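Number of protein chains: 2
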Amino acid sequence: MSIEPVEKVYIEILKKIKAIISEDGLQAGDKLPSERELTDRLGASRSSVREALRALELLGLIGTRRGEGTFIREATGHRLVEVLASFILNDSKAQEDLAETRHIIIKDCAGLASSRITSSELEELELLAAEAVTVPEKAKEFEKKLIQSGKNHLLYRLYVELNGYDTAFAAAPALTKEDCLSIIEALRSKDSMTIADILKKQTMK
Amino acid sequence: MSIEPVEKVYIEILKKIKAIISEDGLQAGDKLPSERELTDRLGASRSSVREALRALELLGLIGTRRGEGTFIREATGHRLVEVLASFILNDSKAQEDLAETRHIIIKDCAGLASSRITSSELEELELLAAEAVTVPEKAKEFEKKLIQSGKNHLLYRLYVELNGYDTAFAAAPALTKEDCLSIIEALRSKDSMTIADILKKQTMK
DNA sequence: ATTAGGAGGTGGTCAGACCACTGCATTGAC
DNA sequence: GTCAATGCAGTGGTCTGACCACCTCCTAAT
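These protein sequence lines are chains P and R, in that order.
Under UniProt numbering, the first sequence has 37 at position 37, and the numbering climbs by one with no breaks.
Under UniProt numbering, the second sequence has 49 at position 49, and the numbering climbs by one with no breaks.
What follows is the structure in structure tokens.
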């Protein structure tokens, strides 16, 4: 017989670490208890604690500084998709899926933004769009700000991760300056349909 | 001074494991070398090897069976979002984001499906929609099949992960039987616009 | 007051041990 | 010959204790 009753220690530790973060109200940038303290508090060996911490690190949820400690990270986690992708997405179809998904997320966020964007965000976007005309790199910032204006943090995370991946392996085509300007206009008129059209055209290209 | 020159051992191990998988042409379901063999081949301690393996396990890329070995998994990895979510999405806003993102992905996949679905897939969907009228659980299958018909594996993965998460914590509202039937009709006429409308209405509710 | 040095805390890595479990071959009874 | 019991080797799971490199901060010497 075999039932494998309890979960692996490092999984239990993950849960307990989560509880600690929650109970102590730790935020991004805050320091986690040291590995040795966690070892004591959680009643597990340091090895198991480290297995849990390393997993969280690879997920991009925490970061470590030798001699200082372990810290909760901002929701960047670009390593996540990078790792996933390098292990799973090997064929060209997967590359296409990646690009397609990225475009879809941009489009959706733009749609959300059309009804959620604030006037100050709109001003920022206008500024960035104007700059993008002369400085192509600004188009990327425009894109990011547009995503954020959608006010869906999960989609934002997904965008960041997908983005982090394909910039590492293949250049992600940013919006053109014409796109930026068109999107601004559409946002002004709260016309989510136009935005979809703009990005649809780009996806097709 | 401090330069932190080389990367952490477990990161190097990740790369080497990836190389091994690639060189040996290992596929999903295949067995990885044992922890002790990896320890020898990679010239690192078993602790470090395990840190790398545990991280890959949490990402859902590998699985282990005590007494047997470590195996490459199908690209399921529902644990990914589950972990991400449980660590990041703590407030109610995050829950809303989750539900919203799930709906958006369904909508997008339906849009993709409208131009990519095969006639046999359409038949399957029709059958499921008919069954959904009497058996509500079938609506979930309909939903899944619809996603798959979008032919974007990454989006499918995301859907599965999001789904796995919120079913674990809060019931995910499935499509109604009316939705299923309307979608079928829209797919028949390759009308992605109608599909968007149907799902938009549902999201709003 | 400034600075050099050391002590203590932290993450990074390693070696070795034991346990629980699986698979398979050997062994034994029938 | 067949088949079940058994025992061994291999595997993942966990723990302990030990170093190392690094950072911070406090202390003592200047």
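Quick reminder that beta carbons are idealized off the backbone N, C-alpha and C, glycines included.
Quantities reported herein were computed from a predicted structural model and do not represent experimental measurements.
Quick check on this structure: which residue in the options has the alpha carbon closest to the alpha carbon of residue i?
| i | options | result |
| --- | --- | --- |
| GLY60 (chain R) | R:GLY67, R:ARG50, R:PHE71 and R:ARG66 | R:PHE71 |
| ARG188 (chain P) | P:LEU162, P:ALA139, P:THR118 and P:SER22 | P:THR118 |
| GLY67 (chain R) | R:THR39, R:GLU35 and R:SER47 | R:GLU35 |
| ILE11 (chain R) | P:ASP108, P:LEU58, P:SER114 and P:VAL133 | P:LEU58 |
| ILE104 (chain R) | P:GLU141, P:VAL49 and P:LEU155 | P:LEU155 |
| THR107 (chain P) | P:LEU53, P:SER149 and P:PRO136 | Before going on, a small fix: residue 107 (chain P) reads as Lys here, not Thr. Selected option, being the one with the closest Cα: P:SER149. |
| ALA186 (chain P) | P:PRO33, P:LEU127 and P:ALA110 | P:ALA110 |
| VAL49 (chain R) | R:ILE17, R:GLU23, R:GLY63 and R:LYS151 | R:ILE17 |
| GLU131 (chain R) | R:GLY69, R:ALA55 and R:LEU181 | R:LEU181 |
| LEU42 (chain P) | P:LEU14, P:LEU56 and P:GLY69 | P:LEU14 |
| VAL133 (chain R) | R:GLU121, R:LEU98 and R:LEU175 | R:LEU175 |
| SER120 (chain P) | P:LYS145, P:GLU37, P:LEU26 and P:LEU38 | P:LYS145 |
| PRO33 (chain R) | R:ILE147, R:LEU112 and R:ILE62 | R:ILE62 |
| ILE184 (chain R) | R:PRO136, R:ARG73 and R:LEU125 | R:LEU125 |
| ALA99 (chain P) | P:LEU162, P:ARG73, P:ILE147 and P:VAL9 | P:LEU162 |
| LYS190 (chain P) | P:ILE21, P:LEU128 and P:ARG116 | P:ARG116 |
| VAL9 (chain P) | P:LEU26, P:SER22, P:LEU127 and P:ALA52 | P:ALA52 |
| LEU26 (chain P) | P:VAL160, P:ASP40 and P:ARG73 | P:ARG73 |
| LEU112 (chain P) | P:ALA55, P:SER45 and P:ILE147 | P:ILE147 |
| GLU143 (chain R) | R:VAL135, R:ALA55 and R:ALA129 | R:ALA129 |
Against residue i, what residues of chain R qualify as contacts under a CB-to-CB distance less than 7 Å, listed in chain order?
| i | result |
| --- | --- |
| TYR10 (chain P) | ARG54 |
| SER120 (chain P) | Going along chain R, no residue has its Cβ under 7 Å from SER120 (chain P), so there is no contact; the nearest lies around 20 Å. |
Counting C-beta neighbours from all protein chains within 10 Å, is the total for residue i 16 or more, i.e. buried, or is it exposed?
| i | result |
| --- | --- |
| THR101 (chain P) | buried |
| ASP138 (chain R) | The sequence given here places Lys at residue 138 (chain R); Asp does not occur at that position. So LYS138 (chain R) ends up on the buried side. |
| LYS31 (chain R) | exposed |
| ASP179 (chain P) | buried |
| LYS177 (chain P) | buried |
| THR167 (chain P) | At THR167 (chain P) the pLDDT is 42, less than 50, meaning the model places this residue with poor confidence; the figure from the coordinates comes in the next sentence. Exposed, by the Cβ-count rule. |
| GLY29 (chain R) | exposed |
| SER114 (chain R) | buried |
| LYS151 (chain R) | buried |
| GLU7 (chain P) | exposed |
| LEU158 (chain P) | buried |
| ASP24 (chain P) | exposed |
| ASP97 (chain P) | buried |
| GLU123 (chain P) | exposed |
| ALA19 (chain P) | exposed |
| GLU37 (chain R) | exposed |
| LEU135 (chain P) | The residue you asked about is not Leu; residue 135 (chain P) is Val in the sequence shown. When all chains shown are included, VAL135 (chain P) counts as exposed. |
| ARG65 (chain P) | exposed |
Counting only Cβ pairs nearer than 7 Å, list the residues of chain P close to residue i.
| i | result |
| --- | --- |
| residue 260 (chain R) | Only positions 1 to 205 of chain R appear in the structure, and residue 260 (chain R) is not among them; the question remains open. |
Compare the C-beta of residue i with all C-beta atoms of chain P and state if any pair is closer than 9 Å.
| i | result |
| --- | --- |
| GLU123 (chain R) | no |
| GLU68 (chain R) | no |
| LEU181 (chain R) | no |
| HIS78 (chain R) | Per-residue confidence for HIS78 (chain R) stands at a pLDDT of 45, beneath the threshold of 50, marking its modelled position as unreliable; the derived number appears in the next sentence. No, no contact with chain P. |
| LEU127 (chain R) | no |
| LEU158 (chain R) | yes |
| PHE87 (chain R) | A caution first: PHE87 (chain R) carries a pLDDT of 49, below 50, which makes its placement in the model too unreliable to give a value. |
Are the C-beta of residue i and some C-beta of chain R separated by less than 9 Å?
| i | result |
| --- | --- |
| ARG50 (chain P) | yes |
| ASP40 (chain P) | no |
| SER189 (chain P) | no |
| GLU57 (chain P) | yes |
| ALA113 (chain P) | no |
| LEU175 (chain P) | no |
| LEU14 (chain P) | yes |
| ALA170 (chain P) | With a pLDDT of 44 at ALA170 (chain P), under the threshold of 50, the predicted position of this residue should be treated as unreliable, and no value is reported. |
| MET204 (chain P) | For MET204 (chain P), the predicted structure reports a pLDDT of 47, less than 50, and the residue's modelled location is therefore unreliable. A value from the coordinates is still provided. Not an interface residue. |
Can you pull the chain P residues whose beta carbon is under 9 Å from the beta carbon of residue i, in chain order?
| i | result |
| --- | --- |
| LEU155 (chain R) | ASP97, GLU100, THR101 and ILE104 |
So residue i contacts chain R; which residues on that side make the cut at Cβ distance below 9 Å?
| i | result |
| --- | --- |
| SER47 (chain P) | SER47, ARG50 and GLU51 |
Using a Cβ-Cβ cutoff of 7 Å, what residues of the stretch 16-31 of chain R are near chain P? List them in chain order. Look at the stretch 16-31 of chain R: the residues with a C-beta under 7 Å from a C-beta of chain P are LYS18.
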